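In my numbering, the protein residues as written are 1 to 259. Just so you know, even glycine gets a beta-carbon here, dropped at the ideal spot from N, CA and C. Here the structure is a predicted model, which is why all the values come from computation and not from measurement. Comments concern the structure below.
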Ligand SMILES: NC(=O)c1ccc[n+]([C@@H]2O[C@H](COP(=O)([O-])OP(=O)(O)OC[C@H]3O[C@@H](n4cnc5c(N)ncnc54)[C@H](O)[C@@H]3O)[C@@H](O)[C@H]2O)c1
């Protein structure tokens with residue numbers, strides 16, 4: 001299926017690693033132009049170069065996304081290069097373990113900044129450009145907003161906000177035919193996931209316990225599988241889909257895991 005994404009310029013926050021990297025690659029395979037936005041020049045540049053080596057086009061901008069000015073500059077840099085932006089994938093985030101009993105208010109607010117503040121800021125600054133071409137937004141979210149996880153109040157609160165902002169923006173942007181959807185992830189082995197699993201005393205055993213509970217094929221979701229859903233939602237092929245939370249999780253969130 002041709003998704004019609006050729007030459008579409010799509011911003012991908014955290015597009016240099018993990019799920020975001022999968023999305024950047026999937027976009028390049030569809031002949032779209034991923035604009036990889038991340039904080040570490042070496043990583044961001046190296047992902048863009050990997051895509052180019054495989055024959056795709058990619059662009060990048062460096063930004064610490066918790067700084068709104070840097071978000072704005074990344075968008076301006078993209079406009080200076082391409083003159084248009086067709087889509088935004090809000091993806092960057094961190095499961096930073098700010099809990100209720102052992103956390104504190106300052107860290108809780110910081111977690112919201114790290115995980116949802118920049119979703120708002122990026123959408124806000126890119127909106128004038130998306131209005132010009134009926135662009136599309138995809139927010140990456142987490143199953144933790146439905147299931148809880150324990151010891152991660154900031155991250156789960158931010159993920160709840162990612163879900164409701166998906167609905168809220170879908171409504172607000174109806175007059176511009178800008179579609180807004182979310183892809184909800186449960187278990188995908190990425191650098192972030194590796195860091196989290198290593199916080200347990202016995203990471204290998206813990207990982208096996210988790211994958212044994214993933215209903216479909218008892219395995220983690222791949223970044224590519226998540227990316228395939230994202231590019232579809234960005235494309236014209238999903239032209240009447242908006243405000244949806246799409247679970248790409250091997251049935252983890254909704255199926256009976258006791259079976
Ligand atoms: N991996 C999973 O199993 C899983 C599960 C549920 C949800 N998610 C969500 O998927 C998204 C991506 O997760 P991942 O596992 O690919 O993470 P990752 O850490 O492997 O990759 C994220 C990338 O984003 C960058 N980044 C993060 N915060 C940034 C900031 N403030 N400024 C600039 N760059 C920043 C990181 O440096 C990194 O390059 C996150 O929002 C996370 O909530 C992941």
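The alpha helix (DSSP H) spanning residue 164 covers which residue range? To locate residue 164, count along the chain shown from 1; it is residue 164. Judged by DSSP secondary structure, residue 164 falls within the alpha helix (DSSP H) whose first and last residues are 153-172.
Determine whether the beta carbon atoms of residue 64 and residue 70 lie at a separation below 8 angstroms. Start at 1 with the first residue of the chain shown, and residue 64 comes out as number 64. Start at 1 with the first residue of the chain shown, and residue 70 comes out as number 70. Yes, they are a contact pair.
Where does residue 179 sit, in a helix, a strand or coil, going by DSSP? What you label residue 179 is simply residue 179 of the chain shown in a count that begins at 1. DSSP, reduced to helix, strand and coil, places residue 179 within a strand of the structure shown.
Start-to-end residues for the beta strand (DSSP E) that takes in residue 12: Against the chain shown, residue 12 aligns to sequence position 12. Where residue 12 is concerned, the enclosing beta strand (DSSP E) stretches over 9-13.
Residue 260 versus residue 96 - alpha carbon distance: The structure shown does not extend to residue 260, since the chain is modelled only from 1 through 259, so no value can be given for it.
Quick one: any contact between the region 79-98 and the region 16-23, if contact means 3 or more CB pairs under 8 angstroms? At 8 angstroms Cβ cutoff, the stretches touch.
Roughly how many whole angstroms lie between the Cα atoms of residue 183 and residue 102? The count along the chain shown starts at 1 and reaches residue 183 at position 183. The count along the chain shown starts at 1 and reaches residue 102 at position 102. A direct Cα-Cα distance of roughly 30 angstroms separates residue 183 from residue 102.
Label residue 198 either buried or exposed according to how many other C-beta atoms from any shown protein chain fall within 10 Å of its C-beta, with 16 as the threshold for buried. Along the chain shown, one-based indexing puts residue 198 at 198. With fewer than 16 neighbouring CB atoms inside 10 Å of its own CB, residue 198 falls in the exposed class.
Look at the Cβ atom of residue 152, then the Cβ atom of residue 99, and state whether they are nearer than 8 angstroms. To locate residue 152, count along the chain shown from 1; it is residue 152. To locate residue 99, count along the chain shown from 1; it is residue 99. For residue 152 and residue 99, yes; Cβs fall inside 8 angstroms.
Report the three-state DSSP secondary structure of residue 34 (helix, strand or coil). Sequence index remark: in the chain shown, residue 34 carries index 34 (1-based). In the structure shown, residue 34 adopts extended strand secondary structure according to DSSP, grouped into three states.
Given a cut-off of 8 angstroms on the beta-carbon distance, is the pair residue 133 and residue 84 in contact? What you label residue 133 is simply residue 133 of the chain shown in a count that begins at 1. What you label residue 84 is simply residue 84 of the chain shown in a count that begins at 1. Yes. Within cutoff.
How far does the beta strand (DSSP E) with residue 116 in it extend, from its first residue to its last? The count along the chain shown starts at 1 and reaches residue 116 at position 116. Residue 116 -> no beta strand (DSSP E), and no H or E assigned at all.
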